[in-house]
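*Asks:* A single structure is presented below for examination.
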Amino acid sequence: MKAARAKTPRRPALKKPPAPGPKDPVGVYCRVRPLSRQDQECCIEVISETTVQIHPPDGYRVFRNGEYRETQYSFKEVFGTLVVQKDVFDVVAKPLVEDLIRGKNGLLFTYGVTGSGKTHTMTGSPGDGGLLPRCLDMIFNSIGPFQAKRFVFKLDDKNGVDVQCEVDALLERQKRDAMPVPKTPSGNRRQIDPEFADMINVQDHCKVDEVDEDNVYSVFVSYIEIYNNYIYDLLEEAPFEQIKPKPPQSKILREDQNHNMYVTGCTEVEVKSTEEAFEVFWRGQKKRRIANTQLNRESSRSHSVFIIKLAQAPLDADGDNVLQEKEQITLSQLSLVDLAGSERTNRTKAEGNRLREAGNINQSLMTLRTCIEVLRENQMYGTNKMVPYRDSKLTHLFKNYFDGEGKVRMIVCVNPKAEDYEESLQVMRFAEMTQEVEVARPVDRPLCGLTPGRRFRNQAFKEELARKLEMRGGPINGETEEQSASEIFLQSFPPLPSCELLDPNDDQTLPKLIEVLEKRHKLRQMLSEEFAKNVLAFKTTLQEFDSSVISKENYIQGKLSEKEKTIAGQKMELERLEKKIKTLEYKIEILEKTATIYEEDKRNLQQELESKSQKLQRQASDKRRLEARLQGMVAETTMKWEKECERRVAAKQLEMQNKLWVKDEKLKQLKAIVTEPKNEKPERPSRERDREKPIQRSVSPSPVPPSSNLITQVPSSQRLVSNPQVHRRSNSCSSISVASCVMEWEQKTPSHKHTGGTSNARSRQQEPEQSRDYNTSDRRRGMCWTGVIEVPRRRDELEIEEDQCCRNAPPVRLRHRRSRSAGERWVDHKPPSNLPTDTVMQPHVPHAITVAAASEKALAKCDKYMLTHQELASDGEIETKLIKGDVFKTRGGGQAVQFTEIETLKQESPTGRKRRSSPSNPDPPEDAADSEWTDVETRCSVAVEMRAGSALGPGYQHHAQPKRRKP
Ligand code: ADP
Ligand code: MG
Numbered sequence: 005m006k007a008a009r010a011k012t013p014r015r016p017a018l019k020k021p022p023a024p025g026p027k028d029p030v031g032v033y034c035r036v037r038p039l040s041r042q043d044q045e046c047c048i049e050v051i052s053e054t055t056v057q058i059h060p061p062d063g064y065r066v067f068r069n070g071e072y073r074e075t076q077y078s079f080k081e082v083f084g085t086l087v088v089q090k091d092v093f094d095v096v097a098k099p100l101v102e103d104l105i106r107g108k109n110g111l112l113f114t115y116g117v118t119g120s121g122k123t124h125t126m127t128g129s130p131g132d133g134g135l136l137p138r139c140l141d142m143i144f145n146s147i148g149p150f151q152a153k154r155f156v157f158k159l160d161d162k163n164g165v166d167v168q169c170e171v172d173a174l175l176e177r178q179k180r181d182a183m184p185v186p187k188t189p190s191g192n193r194r195q196i197d198p199e200f201a202d203m204i205n206v207q208d209h210c211k212v213d214e215v216d217e218d219n220v221y222s223v224f225v226s227y228i229e230i231y232n233n234y235i236y237d238l239l240e241e242a243p244f245e246q247i248k249p250k251p252p253q254s255k256i257l258r259e260d261q262n263h264n265m266y267v268t269g270c271t272e273v274e275v276k277s278t279e280e281a282f283e284v285f286w287r288g289q290k291k292r293r294i295a296n297t298q299l300n301r302e303s304s305r306s307h308s309v310f311i312i313k314l315a316q317a318p319l320d321a322d323g324d325n326v327l328q329e330k331e332q333i334t335l336s337q338l339s340l341v342d343l344a345g346s347e348r349t350n351r352t353k354a355e356g357n358r359l360r361e362a363g364n365i366n367q368s369l370m371t372l373r374t375c376i377e378v379l380r381e382n383q384m385y386g387t388n389k390m391v392p393y394r395d396s397k398l399t400h401l402f403k404n405y406f407d408g409e410g411k412v413r414m415i416v417c418v419n420p421k422a423e424d425y426e427e428s429l430q431v432m433r434f435a436e437m438t439q440e441v442e443v444a445r446p447v448d449r450p451l452c453g454l455t456p457g458r459r460f461r462n463q464a465f466k467e468e469l470a471r472k473l474e475m476r477g478g479p480i481n482g483e484t485e486e487q488s489a490s491e492i493f494l495q496s497f498p499p500l501p502s503c504e505l506l507d508p509n510d511d512q513t514l515p516k517l518i519e520v521l522e523k524r525h526k527l528r529q530m531l532s533e534e535f536a537k538n539v540l541a542f543k544t545t546l547q548e549f550d551s552s553v554i555s556k557e558n559y560i561q562g563k564l565s566e567k568e569k570t571i572a573g574q575k576m577e578l579e580r581l582e583k584k585i586k587t588l589e590y591k592i593e594i595l596e597k598t599a600t601i602y603e604e605d606k607r608n609l610q611q612e613l614e615s616k617s618q619k620l621q622r623q624a625s626d627k628r629r630l631e632a633r634l635q636g637m638v639a640e641t642t643m644k645w646e647k648e649c650e651r652r653v654a655a656k657q658l659e660m661q662n663k664l665w666v667k668d669e670k671l672k673q674l675k676a677i678v679t680e681p682k683n684e685k686p687e688r689p690s691r692e693r694d695r696e697k698p699i700q701r702s703v704s705p706s707p708v709p710p711s712s713n714l715i716t717q718v719p720s721s722q723r724l725v726s727n728p729q730v731h732r733r734s735n736s737c738s739s740i741s742v743a744s745c746v747m748e749w750e751q752k753t754p755s756h757k758h759t760g761g762t763s764n765a766r767s768r769q770q771e772p773e774q775s776r777d778y779n780t781s782d783r784r785r786g787m788c789w790t791g792v793i794e795v796p797r798r799r800d801e802l803e804i805e806e807d808q809c810c811r812n813a814p815p816v817r818l819r820h821r822r823s824r825s826a827g828e829r830w831v832d833h834k835p836p837s838n839l840p841t842d843t844v845m846q847p848h849v850p851h852a853i854t855v856a857a858a859s860e861k862a863l864a865k866c867d868k869y870m871l872t873h874q875e876l877a878s879d880g881e882i883e884t885k886l887i888k889g890d891v892f893k894t895r896g897g898g899q900a901v902q903f904t905e906i907e908t909l910k911q912e913s914p915t916g917r918k919r920r921s922s923p924s925n926p927d928p929p930e931d932a933a934d935s936e937w938t939d940v941e942t943r944c945s946v947a948v949e950m951r952a953g954s955a956l957g958p959g960y961q962h963h964a965q966p967k968r969r970k971p
């Protein structure tokens, strides 16, 4: 055995920047812990194996202007609340352990808010071991039988490893055994500290499948804490002073030859089993706890780093000892980091000194964030910004993982409770960003160049040796049991006599030998003959066998070819069918496409149809509306025109009636002139009858008796009672003249074919009934008087005007006109354009104010108005019209004139000139006349009476017209 104490060879130094080999992104996993009992609201949901959804808690929305956003974050894998430690380990840590054993570095850290389950994930809880004990367990399960003896590997103080020779190692082992310090349990599970026993009691014994068995391994663990940007060794053996505790000495970071960072002077304990390793960890954990209590520190604000280093070196060619070649020793390490709570300082109740510490801790995490950010930027945008690893101990320690090579994995722990929402968001953002950083994939270490299986062979050899030694004294080549057949055969030959010829005269030995040899020769010949025979027999059997085999083969071949033929046929059939299928599929596809096209067409056409029908409906409804409107308009227009026509017809009729009447009257007058005795002075019959009351006859234009107006307002019977005289008088003249004339005219018209006086009387008796009907002759007669001036006029206009005159001012004052007639004052309006008529009888108005133009001043002083109007008649004579009216004071303070009558003065030829125009018809019975009186007729009768009574001559026509005109 060679006593070798060589410096541990280092791996070739990495060139900076590292060679651009394959890179892997940082593996980021998310673990959501279950809600604790007191927490109600959950704001994180695992929505898939790789995605979590985080939504703000209820109150939060109000805080942020009602903004409600659900954010999703994707990770390599998300572990929900039901995922157990083993599953997390299998996914996250197992590959790291495998890498470690293959000589590659790894970094695993948990990140999250305090209470989010970082420690639970990393260390585990009692009865539920976390990643750390599981990693240890897997390592020892894998390398267990291939571990080097203690102290064979020796770590130096420069992050390197030495291999000691067996003797040195043995010496050290003896020294250690002699030490009084408590030894760590070496593989004896019964001595485990019950405090953590159930944490490492991992049921499923995981192990790496392909462990290089030709290597020897050794595990070293160290446990450090970074607090307030100081590194403390948690495994340092310095006794802790209870009375005056000294603050622990902080350690410094150094970079080794390979640019790996290490903590100088850090205790690294070689461990040989999971229990031993975890015991060491637990020791550090306890120390950490004590320090936190003694120094009043916030445990959640420190980062703890548990480093597992695995040294491995190949066995030599014999498979007996560790190879001493420097470059063959590999040291890989796995750092398990439980980071401090990532929450911001203001969230915890840190005060004073603690606050400063907290700030520093935050600074570490901040630096980590910055480093990750810069790394990401450099990688994504090809920039070359300096990554500020040195700004904090934490990042400085991790530098070689990000800058060099290795596998980096992070577990983001989140607590889904509402209070952690904002912090969780920060954590998620950081985690997402971290995923974008890539780390160089560690390269496989070079092979040592020795034959594999050395260990096994050596082991087998040793075992055999031991067995042989045990069986000391037995034949060395003792393969008695498995003696070969040739040996047995040789033994059956006659033994050779001794061949030593000591005496030249010995003539016995040789003949004996010859005899024996001859025997042997014979035997040999026999044997060879037998052999030849056997060979022959064997040959024939073989040939037979061969031929049978050949025949069978042939048979099989034939069968095969048959089968092949059928197969080929089937294949062809299959191909044909496949082709058919393809064509059919193609056809189906085409048909489907066509169908879709047709369907689309159908849909389009349906839509078109719908739109068109809608349009049609709209048009129809429009048409209907238009029709209705047009019908309405037509009806309206028809009605209007009907009315208009009616009115015009009526007007025309009235006009014709009037003309007829006038002609009749003229005829009658003529007749009267012709028939009357010549000595008698022409007198109006009315005048004869009204002899008792001559006062009533006057030239003065006061022909409308108040009674006549009064009559319009009271029933005819009353009128007769109240003023029988007036009635009688008026009737006596008017009834004779107007009624008889009308009757005469009516008899001429085809619609009223009454004959004789009896029919007159009958018609008069019918009149009250007829008067109610506007279409009867009475109405026509009534309209006759109004229509002379006003036709054609709209009926509604007339009605309004009548209505207005009734409302605005009574059509006539209820004063007794006759008694006041002397006091009535007239406005005699004579336009200057009037021509002087040289008639004998001139209209004379007493107390009149004669004016040339209508003036309000004059009207204000008078209560009667008369306009003298001249026009040329059809026969060429000048016709003078005296238009009379009453003057009223309007409510507005002005003057209004209501025209009441028109007197027409006309000159005729000198030969047939007559002053009397009233007919000498006998008076109709008063009763009959009474019944047919209407307002219009009253006026007519008055007019006729006046004409009859006045000495104006037969040419006078008097029309009463209830019309008002403003002066
Ligand atoms: P941190 O280290 O992030 O501050 P801890 O790991 O100490 O948080 O977890 C706080 C508490 O939550 C512990 O009591 C732990 O048992 C519990 N816990 C955390 N994660 C889980 C989990 N996945 N399942 C069950 N309990 C958990
Ligand atoms: Mg913790």
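When we follow the numbering used here, the leftmost residue of the sequence shown carries the number 5, and every step to the right adds one. Virtual Cβ for every residue (Gly too), placed ideally from N, Cα, C.
For R824, which residues from the same chain have a beta carbon less than 6 Å from its beta carbon, with the 5 sequence-adjacent residues on both sides left out?
*Replies:* Because the pLDDT of R824 is 48, which lies under 50, any placement of that residue in the model is unreliable, and the question is left without a value.
*Asks:* On a CA-only basis, which of T598, S129, I882, D213 is nearest L839? Give me that one, please.
*Replies:* Measuring from the Cα of L839, the nearest candidate turns out to be I882.
*Asks:* Mapping DSSP to helix, strand and coil, what is A470?
*Replies:* helix
*Asks:* Which residue marks the beginning of the beta strand (DSSP E) containing L886, and which one marks its end?
*Replies:* First-last of the beta strand (DSSP E) with L886: 882 to 893.
*Asks:* In angstroms with no decimal places, state the Cα-to-Cα distance between G408 and L401.
*Replies:* 12 Å
*Asks:* What does the Cβ neighbour count give for P850, buried or exposed, with the cut at 16 atoms within 10 Å?
*Replies:* exposed
*Asks:* Whose CA, out of D448, L319, V431, P251, lies closest to the CA of L299?
*Replies:* P251
*Asks:* How would you label M870, buried or exposed, when you count the other beta carbons within 10 angstroms and need 16 or more for buried?
*Replies:* buried
*Asks:* Name the one or two DSSP bridge partners that H833 has.
*Replies:* V855, L871
*Asks:* Is it right to say Y590 is buried, meaning 16 or more other beta carbons lie within 10 angstroms of its own, or is it exposed?
*Replies:* Under a 10 Å Cβ-count criterion, Y590 is classified as exposed, with fewer than 16 other Cβ atoms of the shown protein chains found around its own Cβ.
*Asks:* Could you work out which residue in L863, E377, D103 is closest to A852 when comparing CA atoms only?
*Replies:* L863
*Asks:* Tell me whether the beta-carbon of V378 lies closer than 8 Å to the beta-carbon of S339.
*Replies:* no
*Asks:* So who's on the other strand from Y221, going by DSSP bridges?
*Replies:* Q151, Q316
*Asks:* At a cut-off of 7 Å, would you count R37 as near ligand 1, judging by its Cβ distance to the nearest heavy atom?
*Replies:* yes
*Asks:* Anyone know if the C-beta pair for M437 and R348 falls short of 8 Å?
*Replies:* no
*Asks:* Using a threshold of 8 Å, state whether the C-beta atoms of Y33 and F93 are closer than that.
*Replies:* no
*Asks:* Identify which residue in Q874, K567, L473, G116 has its Cα closest to the Cα of S837.
*Replies:* Q874
*Asks:* With DSSP as the reference, label G562 as helix, strand or coil.
*Replies:* helix
*Asks:* When you compare only the Cα positions, how much space is there between T271 and M142?
*Replies:* 23 Å
*Asks:* Cβ of T600 versus every heavy atom of ligand 1: is any distance shorter than 7 Å?
*Replies:* Proximity of the beta carbon of T600 to ligand 1 is not indicated: no heavy atom of the ligand is located closer than 7 Å.
*Asks:* Are there 16 or more other CB atoms within 10 angstroms of the CB of C210, so buried, or fewer, so exposed?
*Replies:* buried
*Asks:* Are three or more beta carbon pairs between the stretch 315 to 329 and the stretch 448 to 457 nearer than 8 Å?
*Replies:* yes
*Asks:* I need the straight-line Cα distance from L514 to L531, nearest angstrom please.
*Replies:* 24 Å
*Asks:* Quick check: the Cα distance between V167 and K158, rounded to an integer number of angstroms?
*Replies:* 6 Å
*Asks:* Whose CA, out of L314, L886, K291, lies closest to the CA of E241?
*Replies:* K291
*Asks:* How would you label C649, buried or exposed, when you count the other beta carbons within 10 angstroms and need 16 or more for buried?
*Replies:* exposed
*Asks:* Where do the N-terminal and C-terminal ends of the beta strand (DSSP E) with Y236 fall, by residue?
*Replies:* 234 to 237
*Asks:* Say the cut is 7 Å; is the CB of G84 nearer than that to a heavy atom of ligand 1?
*Replies:* no
*Asks:* Going by the C-beta, is K122 closer than 7 Å to any heavy atom of ligand 2?
*Replies:* yes
*Asks:* What did DSSP end up calling I256 once you bin it into helix, strand or coil?
*Replies:* coil
*Asks:* Report the rounded CA-to-CA distance for Q774 versus E659, giving the unit in angstroms.
*Replies:* Below a pLDDT of 50, predicted positions are generally treated as unreliable, and Q774, at 42, falls in that range; the measurement from the model is reported next regardless. Each residue's Cα considered, the two are about 21 Å apart.
*Asks:* Would you check if the distance between the CB atom of D62 and the CB atom of E45 is smaller than 8 Å?
*Replies:* yes
*Asks:* Report the partner residues of S339 according to the DSSP bridge assignment.
*Replies:* L111, I311
*Asks:* Check whether the stretch 105 to 120 touches the stretch 317 to 324, taking contact to mean three or more Cβ pairs, one atom from each stretch, closer than 8 Å.
*Replies:* no
*Asks:* How about V418 and S428: are their beta carbons less than 8 Å apart?
*Replies:* yes
*Asks:* Put Y866 into one of helix, strand or coil per three-state DSSP.
*Replies:* Correcting the residue type first, residue 866 is Cys in the shown sequence and not Tyr. Of the three classes helix, strand and coil, the one that applies to C866 here is coil, per DSSP.
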